[in-house]
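Read in order, the letters of the sequence shown correspond to residues 8 to 198 in our numbering.
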Amino acid sequence: MSFDVRCFVLPMPDGIVVIDTGMGDNTTDIAQALERLGAGWGDVSDVVITHAHADHVGGLNGVLSKATTAVVWAGEADAGAVSSESQVRPAADGASVRGLRVIHTPGHTQGHISLLHEDEGLLFVGDAVGTMNGTMVRPPAPFTADPVEAELSLRHLARVRPHRMLFSHGAEIPDANSRLRELLEQPAPQP
Ligand SMILES: [Zn+2]
Numbered sequence: 008m009s010f011d012v013r014c015f016v017l018p019m020p021d022g023i024v025v026i027d028t029g030m031g032d033n034t035t036d037i038a039q040a041l042e043r044l045g046a047g048w049g050d051v052s053d054v055v056i057t058h059a060h061a062d063h064v065g066g067l068n069g070v071l072s073k074a075t076t077a078v079v080w081a082g083e084a085d086a087g088a089v090s091s092e093s094q095v096r097p098a099a100d101g102a103s104v105r106g107l108r109v110i111h112t113p114g115h116t117q118g119h120i121s122l123l124h125e126d127e128g129l130l131f132v133g134d135a136v137g138t139m140n141g142t143m144v145r146p147p148a149p150f151t152a153d154p155v156e157a158e159l160s161l162r163h164l165a166r167v168r169p170h171r172m173l174f175s176h177g178a179e180i181p182d183a184n185s186r187l188r189e190l191l192e193q194p195a196p197q198p
């Protein structure tokens, strides 16, 4: 099975934020992304975990071994499930991490969060929704803890209307807001 999961390295005004750390050791790729920004591991101020699934947090301790001063954040209900060598701080709904607004989007996991880069209108949706071959898709039902809540969270995200939507699984697609509204018109998987 080929498996594509994304981490994001974001230069913010007062630090560099890494969103998710992938399944295994991704420090080489993340180091390259930092280098492209003219930065290094010491500039990583924060690591934000969208949710405590292995493909998003597996690489965390590898990242923390390099970014030794980074603060780790995860949604309140998932923070305890993140295996981390540093303390994991709860990222509450509405909180801001260096200009990234935390949006509580439970369902896929109870503590799943999305992140909005308010200045640039970039919405990082984690696994709330993804894309496959250019089509927007809900995450596979077996991996979603509470499909009813997940659907409510998707409706919440549809009201954010970001400039761009970035997915943990799947490439960016044009006009993601319209595609999300269309997806919500299709029947949701039944619990
Ligand atoms: Zn997941």
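Note that CB positions come from ideal geometry on N, CA and C, so glycine has one too.
From the DSSP output, in three-state form, read off residue i for me.
| i | result |
| --- | --- |
| L122 | strand |
| I110 | strand |
| P149 | helix |
| G22 | strand |
| P97 | strand |
| V54 | strand |
| T142 | strand |
| G49 | helix |
| A203 | Not covered by the structure: residue 203. The range shown for the chain is 8 to 198. |
| V132 | coil |
| S90 | coil |
| G66 | coil |
| A84 | coil |
| V16 | strand |
Taking the beta carbon of residue i as the centre, do at least 16 other beta carbons fall within 10 Å, making it buried, or is it exposed?
| i | result |
| --- | --- |
| L161 | buried |
| D126 | exposed |
| R166 | exposed |
| G82 | buried |
| F150 | exposed |
| A178 | exposed |
| S121 | buried |
| A99 | exposed |
| G118 | buried |
| M172 | buried |
| P194 | exposed |
| D27 | buried |
| D182 | exposed |
Cα-Cα, which of the options is closest to residue i?
| i | options | result |
| --- | --- | --- |
| C14 | E179, D21, D36, M172 | D36 |
| G49 | D85, D153, G22 | G22 |
| V144 | I180, G45, D27, A46 | I180 |
| A59 | L190, P97, A195, H124 | P97 |
| A2 | T57, G45, A46, G114 | Any property of residue 2 remains undetermined from this structure, which presents the chain solely from 8 to 198. |
| L190 | T142, F174, D85 | T142 |
| N140 | F174, D85, S72 | F174 |
| L164 | P146, D153, E192, T112 | T112 |
Might you give, ordered along the chain, the residues of its own chain that have their beta carbon closer than 7 Å to the beta carbon of residue i, omitting 5 neighbours on each side?
| i | result |
| --- | --- |
| M30 | V12, A61, D62, G65, G66 |
| H176 | D11, V12, D134, G137 |
Who are the Cβ neighbours of residue i in its own chain at under 6 Å, not counting the five residues just before and after it?
| i | result |
| --- | --- |
| S185 | none |
| G69 | D32, T34 |
| V79 | V54, S91, S93, V95 |
| A102 | V109 |
| G128 | P169, H170 |
With a threshold of 8 Å on Cβ separation, who are the neighbours of residue i within its own chain once the five nearest residues in sequence on each side are excluded?
| i | result |
| --- | --- |
| P20 | R105, G106 |
| V25 | C14, F15, V16, L17, I37, V51, D53, V54, V55, V70, A74, A77 |
| V123 | The sequence shown places Leu at residue 123, rather than the Val named in the question. Cβ neighbours of L123 beyond the five flanking positions: L107, R108, I110, L129, L130, F131, V167, P169. |
Indicate, with yes or no, if ligand 2 has a heavy atom lying under 7 Å from the CB of residue i.
| i | result |
| --- | --- |
| F150 | This structure simply doesn't include ligand 2; it includes ligand 1 instead. |
### Query
So, do the segment 146 to 157 and the segment 39 to 59 have three or more beta carbon pairs nearer to each other than 8 Å?
no
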